Structure formats: C-alpha cells, structure tokens
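There are 2 protein chains.
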Amino acid sequence: MRVLIYGAGQLAQMMYLAGCPLGIEVQAVDVKDDSVVHPVSKLPLELNLTQAIEAADALSVEFEHVPERLLEQAAASDKLLPSMSNILIGADRVREKKLLESLNVPNCAHRLVTDLTQLDECVESLGERLIIKASRDGYDGYGQWRLTDRSKLDALKQSLQGLDLDAVPLIVEQMVDFDRELSMVGVRDKQGNISTYPLAENLHYKGQLHVSVAPAPEVDTELQKRAAHIFETLASGMDYVGVLAVEMFQCGDTLLVNELAPRVHNSGHWTQSGSVTDQFENHLRAVCGLPLGDVAAIGVSAMVNIIGCGSFSRELLSIKGSHLHWYGKTVREKRKMGHINVGAADYAELGDKLAALSQYLPLEFFPKLEKEARRLRNA
Amino acid sequence: MRVLIYGAGQLAQMMYLAGCPLGIEVQAVDVKDDSVVHPVSKLPLELNLTQAIEAADALSVEFEHVPERLLEQAAASDKLLPSMSNILIGADRVREKKLLESLNVPNCAHRLVTDLTQLDECVESLGERLIIKASRDGYDGYGQWRLTDRSKLDALKQSLQGLDLDAVPLIVEQMVDFDRELSMVGVRDKQGNISTYPLAENLHYKGQLHVSVAPAPEVDTELQKRAAHIFETLASGMDYVGVLAVEMFQCGDTLLVNELAPRVHNSGHWTQSGSVTDQFENHLRAVCGLPLGDVAAIGVSAMVNIIGCGSFSRELLSIKGSHLHWYGKTVREKRKMGHINVGAADYAELGDKLAALSQYLPLEFFPKLEKEARRLRNA
Chain F
1 MRVLIYGAGQ LAQMMYLAGC PLGIEVQAVD VKDDSVVHPV SKLPLELNLT
51 QAIEAADALS VEFEHVPERL LEQAAASDKL LPSMSNILIG ADRVREKKLL
101 ESLNVPNCAH RLVTDLTQLD ECVESLGERL IIKASRDGYD GYGQWRLTDR
151 SKLDALKQSL QGLDLDAVPL IVEQMVDFDR ELSMVGVRDK QGNISTYPLA
201 ENLHYKGQLH VSVAPAPEVD TELQKRAAHI FETLASGMDY VGVLAVEMFQ
251 CGDTLLVNEL APRVHNSGHW TQSGSVTDQF ENHLRAVCGL PLGDVAAIGV
301 SAMVNIIGCG SFSRELLSIK GSHLHWYGKT VREKRKMGHI NVGAADYAEL
351 GDKLAALSQY LPLEFFPKLE KEARRLRNA
Chain Z
1 MRVLIYGAGQ LAQMMYLAGC PLGIEVQAVD VKDDSVVHPV SKLPLELNLT
51 QAIEAADALS VEFEHVPERL LEQAAASDKL LPSMSNILIG ADRVREKKLL
101 ESLNVPNCAH RLVTDLTQLD ECVESLGERL IIKASRDGYD GYGQWRLTDR
151 SKLDALKQSL QGLDLDAVPL IVEQMVDFDR ELSMVGVRDK QGNISTYPLA
201 ENLHYKGQLH VSVAPAPEVD TELQKRAAHI FETLASGMDY VGVLAVEMFQ
251 CGDTLLVNEL APRVHNSGHW TQSGSVTDQF ENHLRAVCGL PLGDVAAIGV
301 SAMVNIIGCG SFSRELLSIK GSHLHWYGKT VREKRKMGHI NVGAADYAEL
351 GDKLAALSQY LPLEFFPKLE KEARRLRNA
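Chains as they are written, first to last, in full-length UniProt numbering: chain F, 1 to 379; chain Z, 1 to 379.
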C-alpha cells in the first residue's frame with residue numbers, strides 16, 4: 001500500500017518509519033514546489049504529484065496549513081483522509097470555534113473580530129484579560145497577542161493596525177486561569193471505531209511545546225472519561241478518519257477545548273515507546289482501512305523536545321528507557337530539531353531520569369526540564 | 001553518522017528503520033554485485049562501495065556468509081564491527097567449535113570429519129545418533145544430514161559422496177535429547193559493557209525458526225544467569241562488538257551452545273515491541289560507540305515468522321498488541337516474508353492471542369502456531 005503525505009517534515013518521516021513494517025510505503029509532498037520526495041532523505045522520487053496521487057491508496061497531511069489548491073486536488077481523488085473540511089478546521093480558528101459551538105463542546109469564551117473597534121466590546125463582555133489570535137497561519141505562538149490590562153488596549157490596537165482582518169479575522173478569547181494544559185490524541189477509523197490514548201500533560205514555553213508527560217499525572221478515571229467523551233463527540237461529529245489531537249485546558253473539574261490538530265501531533269510523540277501502538281502507526285492503520293492498534297500506555301513517559309539546539313551529548317542514551325528521535329534538519333532558532341522519549345515505571349523514577357537527562361543537555365534550550373524533574377520526583 | 005551493512009535483506013532494512021531516529025543513516029551492500037543500495041527500496045545509491053566505506057563511521061553485516069574478499073576490504077578500513085574473525089566464526093563451524101572449546105563453553109560432543117571413512121570412528125565414539133553438518137554455507141537446515149541408526153551409515157556415506165571435504169569439512173555432532181532450544185541475544189559495546197536480553201524459546205520446523213517466545217517460559221533466575229554467563233564468556237573472549245545471538249540446547253539444568261550468529265538474529269525480533277530497546281537499535285548503538293539501551297522485556301511476547309506465505313488477512317492486526325513486520329520481498333517457498341510480533345501481559349493471554357492469530361492465517365504455513373497457543377494457554 002502507498003500513502004501520500006502533504007508535508008515533508010518530521011511527522012511525514014515518522015509516518016514513513018511506522019509504515020514500512022506494515023508494508024505501507026509513505027511518500028511526501030514538499031508543498032513548496034509540489035515535488036514528491038522521500039520522507040527521510042527528502043530527495044525527489046521519480047514521479048510527479050499527479051502520478052503520486054494516482055498511485056496512492058490514501059492521501060493525508062502532516063500539517064493543516066497545506067495550500068488550499070493542493071487540498072482541493074487531493075480531495076478530488078476521493079482518497080484524502082481526514083477530509084479537506086476537517087483539515088481546514090485545524091487551519092482556521094473561525095471554523096474550529098464554529099465546530100466546537102455546533103457540537104456543544106466546552107471551550108473558552110470568545111468573539112470573532114473583523115474590525116479593531118470590536119475589541120472594545122470584547123473587553124466589555126470578556127474582561128480585560130484576553131488572548132487575541134489570528135484565525136489562520138498561527139503556529140507555535142506566532143500570530144498571538146495578549147491583553148492583560150484595559151489601559152493597554154490602545155497600544156494593542158496600534159500593533160494590530162497592519163492586519164487585514166477581512167482576509168484573516170481575529171479570534172479574541174477570554175484568558176482562562178487554567179490549572180494545566182492536557183491533550184488527548186486519539187484515532188478514528190473508517191467504520192467509526194475510536195481509540196484514545198491516555199491524556200498527556202503539556203508544558204509550553206514561549207508558545208512552544210517543550211515537555212509532555214503521559215499518562216498525565218493526577219488524572220482519575222472520571223477525567224480521562226470526560227476527555228474521551230469530548231474526543232468522541234468531536235471525531236464522530238466531524239466524521240473524522242485518522243489521528244486527531246485535541247488540546248484542552250483543565251480548570252478544576254472542567255475541560256475546555258483550546259485547539260484541534262487534524263493530524264499526528266507533537267504531544268503524541270511519547271506513544272513511540274510509551275504505548276503499545278504509536279500514533280504514527282495508528283494514523284496509517286486508520287487511513288489504510290486496517291484495524292486500529294492498542295493505545296494502552298506502557299509505564300509512564302516524558303517527551304522532551306529539542307528546540308533550536310543542535311549539539312548535545314549522545315551519552316544521554318545511557319539513561320535507561322531513553323530514546324532519541326532526531327529529525328536531521330539544519331539548526332535554526334526555535335526550530336524543532338528532534339525529541340527525546342523517556343520511559344519509566346512510575347513518576348518518581350521518571351523524575352529521576354529527567355534530572356539525569358538535564359545533566360546531558362544545554363539547559364538554556366530546555367527551560368522546563370529541571371523543574372519538571374523536581375515536580376515528578378515529588379509526585 | 002553512517003553505518004554500512006553488508007547484505008541488503010530484512011535485517012539491514014530493520015537496522016535502517018532503527019537507525020533513522022538516532023540520526024544514523026544505514027546503507028546496505030548488495031553482495032551479489034557490490035552495489036550500495038537503500039536498505040528499504042533496494043534502489044542503488046549514488047556512490048560506489050569504496051566511497052561508501054570511506055563515508056561510513058562503521059561497517060557491519062546482516063549475515064555471516066559475506067564473501068571473504070568483501071570482508072577483507074571492509075576489515076582494511078578498520079571500521080568493521082564485529083571483526084572479520086568474529087564474523088567468520090559464525091560462518092564456519094570448524095572455527096566456531098574451536099572457539100567454544102578454547103573458552104570451555106559446553107557444547108555438543110562432536111568430531112571434525114575431512115574424510116568419510118572417519119564417520120565410522122564417529123559412530124564408535126559418539127554413538128549412532130548423529131547430526132552431520134557442512135562446516136560452511138549451511139543455513140535454515142540446508143547442509144545438514146542425520147544418522148539415526150548405525151545400519152544406515154553406508155547410505156549416508158553414499159549421499160555425502162559428492163562433497164569436497166578438503167574445502168568444506170563436516171562437523172559431526174552427537175544428537176542430543178534436549179528439552180528445548182533457547183537463544184540468548186545480547187550486545188557488547190566497545191568498552192566491553194554487555195547487556196543480554198531475556199532468553200527466548202525457539203520452535204523450529206524443518207530446520208527453520210517458526211516461533212519464538214520471550215522471555216522463555218519456565219526460566220528461573222539461575223538458568224537466565226547461566227545463559228548470561230555463557231554469553232559473556234563468548235562475547236568477551238571474542239572481544240566482540242555489536243549484537244551476538246547464541247543458540248543453546250537446554251537439557252535439564254544444562255545448557256549446550258549449538259550455534260553462534262554474529263549479528264542481529266531472527267530469535268531477537270520479538271525485542272521490537274517486547275523490550276525497551278530492540279536488538280537493531282542496540283546493534284547500531286554498539287557499533288557507533290553510543291551507550292547501550294535497556295534490554296528489559298515488556299510483558300511477554302511471541303514472534304511468529306511468515307514463511308513462504310504471501311497472502312493472509314490484515315485483520316490479524318485487530319489482535320491487541322500485534323505488530324506486522326513485512327519485508328516486501330517476492331514470495332518463494334521457505335522464504336521468510338515477514339514476521340508478526342504479539343505482546344501480552346502473561347503467557348495465558350499470549351496463548352489466547354496466538355489462538356486468535358491462527359484464525360487469520362493459512363495454517364499450512366504456520367505448523368507450530370496452534371500447538372504453541374494451546375501450550376501457552378495451559379502454562
């Protein structure tokens with residue numbers, strides 16, 4: 001079988017590696033020039049996009065910001081999974097919020113803003129602590145602004161002055177004092193069967209995911225069930241096929257959906273060694289019509305992103321249960337270069353291992369690591 | 001980093017897949033024409049063997065029957081691991097037996113035969129139940145003969161008449177009434193650190209491995225220790241670097257070494273989902289000078305070879321904890337086409353899963369499966 005993935009980054013690469021044992025050949029589309037490339041070497045394959053679409057059993061994406069003309073061509077083949085409209089929900093916060101509202105899924109109070117004068121009404125109705133998000137093309141904290149105090153509203157308007165809000169409206173959200181961010185990665189197959197991984201707890205720094213711990217500590221059966229219910233509502237409501245990631249804020253007993261990603265997700269990378277079947281394999285199984293794999297966790301895991309950092313000691317592999325996933329990219333500031341998965345029997349051991357890991361890494365690139373190690377050791 | 005593997009079959013392919021996340025690029029040598037190929041696609045890469053040797057950080061093998069001229073060229077680079085002499089030990093039963101004797105490692109009573117008349121003396125000293133093995137180029141039961149009864153000695157001699165025993169002597173072994181075959185797969189790094197996986201129990205049919213169960217049932221700490229001691233004696237005695245597989249016969253409390261394989265081994269495929277770090281990754285870690293990974297088992301596992309069979313229901317993936325590893329080769333009789341790993345919490349559950357698996361497979365190709373399922377269910 002063949003699966004063509006739009007996008008030729010690390011997610012396509014990891015799908016390639018997961019597909020190989022199943023006899024599924026994953027090819028990637030470099031959306032910069034529509035070329036079809038090998039997902040690992042990135043070298044062009046000897047076929048063009050039309051031929052690759054023709055030869056594929058399924059088409060899918062590694063990111064939601066695929067140009068619409070490409071998605072339209074893909075959708076026309078009737079092989080695109082998840083569907084174009086589902087992919088666009090992940091790419092457009094207006095569509096996303098509409099979906100959440102239509103399915104009655106709890107999310108942060110928000111307003112759609114197409115004119116900066118509407119910001120005053122936002123402050124009136126949502127309060128003075130707001131997060132303003134471009135509805136499209138935002139990523140890893142880009143395209144986001146904050147208002148923390150009514151007195152700074154004019155300055156905010158100034159900084160937003162250049163935006164074309166007709167083309168890309170803003171979503172203005174009430175800032176929520178959440179306890180933590182959790183994410184649920186799950187998978188739905190063509191028959192509508194759904195499997196959800198245990199919740200992961202995500203630690204961000206400057207808008208980027210730095211560490212995930214899964215299963216998230218202090219999640220009781222009730223909370224896991226509630227998250228799974230939200231996932232099922234969304235995935236079934238969307239008639240979704242493949243892996244879907246749902247980011248949520250936990251506020252006490254309440255879960256508010258923050259964001260959807262219609263694809264394999266960074267907060268699911270822990271599944272590579274921390275679960276029976278990883279998210280990459282399960283995505284391929286789903287889009288190829290194969291039975292879904294077991295999503296049970298194996299012990300507890302942490303996933304540590306390597307961001308903007310190209311040099312560190314490989315001796316970190318001496319930590320038992322540590323696995324390096326290196327993407328083979330050129331180093332750039334804030335660029336995700338790879339990740340490290342660490343598995344342990346319990347949280348205290350996981351904390352010890354993260355503490356050990358911090359000895360091998362240049363900590364300026366890993367601002368969340370030591371504190372998380374301490375937290376887990378005391379858990 | 002780059003590792004060049006001599007041999008371009010499934011073992012090179014699985015090393016490629018294990019190397020990718022570590023940032024290790026595995027290339028393969030097709031020893032039929034000395035071409036350097038991609039281990040998955042088997043397509044030629046744009047460099048010749050000399051260039052590939054030059055570019056590699058380490059050279060290694062996926063099978064021991066690499067032509068000696070290639071091994072000599074590889075050894076001359078000072079990058080070949082394990083060493084040429086260690087590879088040849090796996091390729092030549094005369095060298096193998098000499099090693100076992102020199103290290104005082106228990107093995108089956110045997111004689112070296114360079115002339116068929118010596119067979120009479122073999123029967124005198126070893127008894128009338130013998131296994132006769134070509135000292136080189138034997139594989140999966142090829143190049144082996146049996147004597148079960150003194151009266152058939154003349155007929156045996158007749159059938160061996162055509163062999164050139166000066167070029168390829170015979171090793172004649174006393175047939176041992178062993179309880180079962182176990183194998184220990186382990187790894188030794190450049191500093192001499194050794195890690196050994198739990199013993200696997202291997203079920204053969206007509207000279208080919210069909211099923212491995214690991215950790216092998218009914219292995220107490222004492223037996224596991226004894227096997228590890230044998231492994232350490234061999235690996236240290238050989239100054240071995242990389243993954244080494246040691247096949248042993250268990251006779252009561254005694255372990256007799258039957259065969260060494262200087263490479264990743266079919267009886268270690270269960271480690272892909274049944275251990276913290278699989279044998280392919282550990283081999284690469286060792287030859288690249290990286291710290292060895294944890295070899296602890298995760299639950300219990302069975303590895304079921306798919307031999308000579310190209311068609312079966314992919315619905316077998318609905319069995320929880322099942323993973324397909326398909327090699328992408330053309331079907332031929334007795335050819336290893338792939339394998340299925342199945343993980344479970346305990347042997348009884350593993351038995352249930354193998355029983356379920358047998359429903360999805362054409363059983364004429366899987367003669368060991370149903371019986372093993374029953375045995376494990378009752379374990």
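We put the beta carbon where it would ideally sit given N, CA and C, even for glycine.
Bear in mind that the values here come from a model prediction, so they are computed numbers and not experimental data.
Quiz item: Just checking my contact of Z:L199 with Z:A227 at CB under 8 Å: how many whole Å lie between their CB atoms?
Solution: 5 Å
Quiz item: Opposite F:F366 in the DSSP bridges: which residues?
Solution: Note: F:F366 sits in no beta bridge, so no partner.
Exercise. Could you pull out every residue in the same chain whose Cβ sits closer than 7 Å to the Cβ of F:G127, ignoring the five residues on either side in sequence?
Key: Q174
Quiz item: Within 8 Å (strictly less), CB to CB, does residue 425 of chain F reach chain Z?
Solution: With chain F running from 1 to 379 in the structure shown, residue 425 of chain F is simply not present.
Quiz item: By the criterion of Cβ-Cβ separation under 9 Å, what are the contact partners of Z:A275 in chain F?
Solution: In the sequence on display, residue 275 of chain Z carries Ser and not Ala. Neighbours of Z:S275 on chain F: none; closest Cβ ~11 Å, over 9 Å.
Quiz item: Is the beta carbon of F:P39 less than 8 Å from the beta carbon of F:A28?
Solution: yes
Quiz item: Going by Cα to Cα distance, which pick from Z:A296, Z:S41, Z:N107 and Z:V211 is closest to Z:M303?
Solution: Z:V211
Exercise. With F:T254 as the anchor, note down where its beta strand (DSSP E) starts and where it stops.
Key: T254 to A261
Practice problem: Give the straight-line distance between the Cα atoms of Z:C108 and F:L45, rounded to the nearest whole angstrom. | Solution: 53 Å
Practice problem: Report back the beta-carbon spacing between Z:A8 and Z:D33 to the nearest angstrom; my notes put them in contact at under 8 Å. | Solution: Z:A8 to Z:D33, Cβ: 10 Å. No contact.
Quiz prompt | the stretch 45-63 of chain Z in contact with the stretch 342-351 of chain Z per 3-pair CB rule at 8 Å | solution = no
Quiz item: First and last residue of the beta strand (DSSP E) that includes F:G321?
Solution: Careful: F:G321 lies outside any beta strand (DSSP E) and carries neither H nor E.
Quiz prompt | Backbone secondary structure at Z:G242 - three-state DSSP | solution = strand
Quiz prompt | Cβ shell of Z:I131 (< 7 Å), same chain only, five flanking positions each side left out | solution = Q144, R146, E173 and M175
Quiz item: What does DSSP give as the partner residues of Z:H269 in its beta bridges?
Solution: Z:H269 pairs with nothing; no bridge assigned.
Quiz prompt | With 16 other Cβ atoms within 10 Å as the buried cut-off, status of Z:T271 | solution = buried
Quiz prompt | Closest residue to F:H339 among F:Q51, F:D115, F:L11 and F:D137 (Cα-Cα distance) | solution = F:L11
Practice problem: Determine the closest residue to F:K353 out of F:L363, F:P362, F:V342 and F:L361, with distance taken between C-alpha atoms. | Solution: F:V342
Quiz item: Does the beta carbon of F:R188 sit closer than 8 Å to a beta carbon anywhere in chain Z?
Solution: no
Quiz item: Helix or strand or just coil, what does DSSP make of Z:S102?
Solution: helix
Practice problem: Look up F:P21 in the DSSP assignment and say whether it is helix, strand or coil. | Solution: helix
Exercise. Measure from the C-beta of Z:W326 to each C-beta in chain F and report whether the shortest distance is under 8 Å.
Key: yes
Quiz item: Using CA coordinates, which residue listed in F:E101, F:F312, F:A245 and F:E54 is at the minimum distance from F:S77?
Solution: F:E54
Practice problem: Please report the residue range of the beta strand (DSSP E) in which Z:T196 lies. | Solution: I194 to T196
Self-check item: Proximal chain Z residues relative to F:G268, where beta-carbon distance stays under 8 Å
Solution: Going along chain Z, no residue has its Cβ under 8 Å from F:G268, so there is no contact; the nearest lies around 15 Å.
Practice problem: Look at the alpha carbon of Z:S267 and the alpha carbon of Z:K133, and state the distance between them as a whole number of angstroms. | Solution: 21 Å
Practice problem: Pick helix, strand or coil for Z:F231, following the three-state DSSP scheme. | Solution: helix
Quiz prompt | Neighbourhood of Z:S275 by C-beta distance below 7 Å, restricted to the same chain and skipping five residues each side | solution = Y197, V295, A296, A297 and I298
Quiz item: Does Z:V37 have its Cβ less than 8 Å from a Cβ in chain F?
Solution: no
Practice problem: Return yes when the Cβ of F:S358 is within less than 8 Å of the Cβ of F:H323, no when it is not. | Solution: no
Exercise. Would you mind working out which of F:L255, F:L209, F:F249 and F:L244 sits nearest F:K225, comparing C-alpha positions?
Key: F:L255
Quiz item: Any idea which residues DSSP pairs Z:A200 with across the strands?
Solution: Z:S183
Quiz item: So Z:A344 and Z:G321 are in contact, right, with Cβ under 8 Å, and what is the actual spacing, rounded?
Solution: 6 Å
Practice problem: Would you mind sorting F:A167 into buried or exposed? The rule is 16 or more other CB atoms within 10 Å of its CB. | Solution: exposed
Quiz item: Can you find at least 3 beta carbon pairs, one from the stretch 241-250 of chain Z and one from the stretch 276-286 of chain Z, that sit closer than 8 Å?
Solution: yes
Quiz prompt | C-alpha distance - F:Q161 paired with F:Y327, whole-angstrom precision | solution = 38 Å
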